[in-house]
Every structure is written in C-alpha cells, then in structure tokens.
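Undergrad: Before I ask anything, let me first share the structure, which is written out below as structure tokens.
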Amino acid sequence: MTLELACHTGFETLDLVPRLKPLYANAYSEPPYEMSDEDICRFEIRITKHAGLDGFVLVAGELDGRFVGLSYGFTFPPGRWWTGVKTDPPSADVASGPVFAVIELGVHTDFRRRGFLSPTRRRSPR
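Taking this note's numbering, the leading residue of the sequence shown gets 796, the next gets one more, and so forth.
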C-alpha cells in the first residue's frame, strides 16, 4: 500500500469536491470538531470559494483510489493576516509576504498513526 500525494489547482479541486466531502466529514467527525451536516455543506461552499483565490493549492493523499488525507491553502497577499484571531500579527518582515496560509489539514480516522508521513519527518529540518 503506497500513499500517493498529488497537488491540484483550484480548477481541478472543483471537480474533486464530491470526493473530498466524505473525507472531510470523517476527518472532523471526532472531538473537538464533531462536524454536523451543516458544517460539511459550509466546507463545500468554502473550498469552492477558496479554489478561486491566488496561490490556491490542494494536496490530496490517496490509497488505492480512496482519498485518505487533504490539505489546502492559498497565498495571503502582503499585509493581509488572519481575521478573527486573538493573536498579534507577525513581524513586518513576515507580514510583508506573501504568506502561504494552510486552511485545512485532515486525515481519515482509519489512516491516522500509520506512519505515512515518517519519511517526510526524517527529511524535515530540526
């Protein structure tokens, strides 16, 4: 069983949304999230909107034709930062951007803690 990771543009992501929704629902089904059907609908609306933004990228993990993980984000233009957060904005050198913002990162509950990212961790700087 080999995990395949693929990057997708916003345009490609629009076609994948029906396959991503069940993964999202599962990945966020446990506490503290416990997503409702309404939350899943909002995910579809949100990712469809985000897919049209500059710098959007989706990375999807697939095993035997089944999505098992996803992460997506897009580029914040210089000077933009998260809205609605209770932290201070970053230093001017970081905020001068652009900054890539990871919006979602989820793994299907059946595929957590199985070591798929171990090779990535070994390559990561410490």
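All residues carry an ideal CB built from backbone N, CA and C; glycine is no exception.
Quick one: residues in its chain with C-beta nearer than 8 Å to the C-beta of residue 858, no 5 flanking neighbours on either side, listed in chain order?
TA: The answer, listed in chain order, is 796, 797, 798, 799, 906.
Undergrad: Looking only at its own chain, which residues have a Cβ that is under 6 Å from the Cβ of residue 850, when we skip the five neighbours before and after it?
TA: 869, 870
Undergrad: For residue 865, write down the residues that DSSP places opposite it in a beta bridge.
TA: 855, 901
Undergrad: Determine, using beta carbons only, whether residue 841 and residue 898 come nearer to each other than 9 Å.
TA: yes
Undergrad: Helix, strand or coil for residue 843? Go by DSSP, reduced to three states.
TA: helix
Undergrad: Can you tell me whether DSSP reads residue 809 as helix, strand or coil?
TA: When DSSP states are grouped into helix, strand and coil, residue 809 belongs to the helix group.
Undergrad: When you compare only the Cα positions, how much space is there between residue 804 and residue 810?
TA: 10 Å
Undergrad: Measuring alpha carbon to alpha carbon, tell me which residue in 874, 831, 908, 862 is nearest residue 812.
TA: 862
Undergrad: What did DSSP end up calling residue 825 once you bin it into helix, strand or coil?
TA: coil
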